[in-house]
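Mapping of the sequence shown onto the numbering used here: position 26 corresponds to residue 30, and the numbering continues sequentially without gaps. A virtual CB, placed ideally from N, CA and C, is assigned to each residue, including glycine.
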Amino acid sequence: MNKSEYIALKARIEYELLNIDLIENTLEKEGLFPEPVSNSISGLDIASDLARRAIGSYLHDYYSAVEKIASHVCRATGEGMPKGDDWHYQLIFNMSLELNGLRPRLFSVELLNLLNEFKGFRQVFRNVYGINIDSKKEIVLLKKLSKTSKLLRKDIAAFLSIMDEALL
5 MNKSEYIALK ARIEYELLNI DLIENTLEKE GLFPEPVSNS ISGLDIASDL ARRAIGSYLH
65 DYYSAVEKIA SHVCRATGEG MPKGDDWHYQ LIFNMSLELN GLRPRLFSVE LLNLLNEFKG
125 FRQVFRNVYG INIDSKKEIV LLKKLSKTSK LLRKDIAAFL SIMDEALL
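Structure (structure tokens):
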């Protein structure tokens with residue numbers, strides 16, 4: 005990857021981090037971030053169908069932004085996107101590996117484990133009827149969101165620092 009490709013990658017990562025900020029800010033306004041302290045979202049009981057769908061959408065969007073960051077890194081480094089039915093898992097897992105001479109790891113193992121929980125929820129969210137979304141699982145993930153975000157930002161900052169030193 006050359007300097008201009010890296011600058012473009014860094015801008016894409018920063019764009020997705022801004023999207024994550026928007027998600028977190030919205031959840032914070034609803035009393036659901038950094039720690040869920042509210043039993044409602046926009047006046048709806050948190051266990052209601054509409055609230056479950058809304059919260060699920062935010063959790064889905066959060067993980068999707070993280071996956072986009074991983075995809076951008078994968079494409080920019082030329083390592084190629086994983087193939088097969090489990091490509092979502094492989095993409096995030098691969099980002100926990102350092103590829104010597106190509107890139108540092110993007111995600112720590114601790115972050116990888118948290119992200120796998122969000123990925124699992126996203127798969128359920130995409131593939132079941134909204135009425136079957138488990139509000140208890142959403143609450144568990146909301147409680148883990150702050151830690152996940154802190155680790156994500158820490159890991160990305162470390163990745164970018166190493167890349168800055170190598171390419172800028």
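Check your understanding: So E28 packs on K147, CB below 8 Å; how close in whole Å?
Key -> On the sequence shown, residue 28 is found 24 positions in, with the first residue counted as 1. On the sequence shown, residue 147 is found 143 positions in, with the first residue counted as 1. Incorrect: roughly 14 Å between the Cβ atoms, too far for contact.
Practice item. Work out the CA separation of E18 and G88 for me, nearest whole Å. Key: For this step, residue 88 is matched to residue 84 along the sequence shown. For this step, residue 18 is matched to residue 14 along the sequence shown. Going from the Cα of G88 to the Cα of E18 covers about 28 Å.
Review point. Which runs of the alpha helix (DSSP H), 4 residues or longer, sit entirely within the region 34-115?
Key: 53-81 and 91-98
Practice item. Spatial neighbours of K14 within its chain, please: CB distance less than 7 Å, with the 5 preceding and 5 following residues excluded, ordered by chain position. Key: Residue 14 sits at position 10 when you count from the first residue of the sequence shown. Taken in chain order, the residues that qualify are L164.
Exercise for review: Could you give the DSSP three-state label for V128: helix, strand or coil?
Suggested key: Within the sequence shown, numbered from 1, the residue matching residue 128 stands at position 124. In this structure, V128 counts as helix in the three-state DSSP scheme.
Exercise for review: List the endpoints of the continuous alpha helix (DSSP H) containing D138.
Suggested key: The residue labelled residue 138 in the question sits at position 134 within the sequence shown. Note, D138: premise wrong, no alpha helix (DSSP H); not H, not E.
Review point. By Cβ distance, which residues of its chain are closer than 7 Å to S139, with the 5 residues on each side in sequence left out?
Key: Residue numbering aside, residue 139 sits at position 135 when the sequence shown is read from its first letter. Cβ within range, chain order: I50, A51 and R56.
Point to revise | Cβ-Cβ separation, R126 to Y67 (assumed contact under 8 Å), whole Å | key: Position 63 of the sequence shown, counted from the start, is the residue given in the question as residue 67. Position 122 of the sequence shown, counted from the start, is the residue given in the question as residue 126. Right, their Cβ atoms sit about 5 Å apart.
Check your understanding: For L31, which residues from the same chain have a beta carbon less than 7 Å from its beta carbon, with the 5 sequence-adjacent residues on both sides left out?
Key -> The residue labelled residue 31 in the question sits at position 27 within the sequence shown. Contacts found: F37 and Y62.
Practice item. Pull up the distance between the alpha-carbon of I135 and that of S112, whole angstroms please. Key: On the sequence shown, position 131 is the one that residue 135 refers to. On the sequence shown, position 108 is the one that residue 112 refers to. So the two alpha carbons sit approximately 34 Å from each other.
Review point. Can you give the Cα-Cα distance for L115 and R109, rounded to whole angstroms?
Key: The sequence position of residue 115 within the sequence shown is 111, counting from 1. The sequence position of residue 109 within the sequence shown is 105, counting from 1. Straight-line Cα distance between these residues: approximately 11 Å.
**Study point:** Member of N131, F97, D168 and R107 whose CA lies at the smallest distance from the CA of G60
**Key:** If you number the sequence shown from 1, residue 60 lands on position 56. Looking at the Cα atoms, N131 is the closest of the given residues.
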